[in-house]
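Residue numbers (UniProt numbering): 1 to 154.
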């Protein structure tokens, strides 16, 4: 008989080997805090956006998540474009991360818009669909965060 935890472990997307670990620390949270990476290359003041009653003068966690997801997803799109022989070096990914009340706390939504200049939307959507299957961010949030990933006219 299998232990219930074993089944959960098998479904998780755990890397075979960790080859890089990003390290960032936040002090003070989203309302007047700071977040920085251990190498000092990212160091941002955090403030809540105006929509959440903050001044909107600093970065917020949703923006950081949006930037990371967009960059990661873009790399996945470029990988599949290269494999398909499609010129996509000017491809852009815009991640719209929504934040709002959900249950007793807050939840996120993500809408990814991918533009690939010089490529028809149908072909671009094939790249988007392939990227969405393998992008680590997509895999991390799958089943937990509603995500749409769509090609848009460049």
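Even for Gly, the Cβ is constructed at its ideal location relative to N, Cα and C.
In whole angstroms, give me the CA-to-CA distance for residue i and residue j.
i	j	result
residue 94	residue 112	6 Å
residue 79	residue 144	25 Å
residue 36	residue 24	5 Å
residue 7	residue 76	Summary for residue 7: the model assigns pLDDT 46, below 50, so the residue's position carries little reliability; its value from the coordinates is reported in the next sentence. Whole-angstrom Cα-Cα distance: 28 Å.
residue 120	residue 44	38 Å
residue 81	residue 103	39 Å
residue 132	residue 38	29 Å
residue 139	residue 105	23 Å
residue 16	residue 53	43 Å
residue 21	residue 13	16 Å
residue 226	residue 136	Residue coverage of the chain in this structure runs from 1 to 154, which leaves residue 226 outside it and unanswerable.
residue 146	residue 122	22 Å
residue 31	residue 83	44 Å
residue 114	residue 74	8 Å
residue 33	residue 57	12 Å
residue 19	residue 97	28 Å
residue 134	residue 153	23 Å
residue 72	residue 125	17 Å
residue 148	residue 55	29 Å
Out of the options, state which residue places its alpha-carbon closest to the alpha-carbon of residue i.
i	options	result
residue 64	74, 18, 42	42
residue 46	88, 26, 67, 40	26
residue 85	127, 16, 21	127
residue 101	51, 28, 33, 17	51
residue 28	21, 70, 22, 60	60
residue 130	54, 117, 67, 151	151
residue 141	48, 31, 40, 66	66
residue 91	146, 58, 135, 118	118
residue 116	89, 96, 19	89
residue 107	55, 18, 19, 62	62
residue 49	154, 87, 99, 125	99
Tell me the residue span of the beta strand (DSSP E) that contains residue i.
i	result
residue 112	105-115
residue 95	92-102
residue 147	147-152
Need the endpoints of the alpha helix (DSSP H) that residue i sits in, please.
i	result
residue 66	61-84
residue 129	121-134
Sort out for me which residues DSSP pairs residue i with in a bridge.
i	result
residue 43	36
residue 24	37
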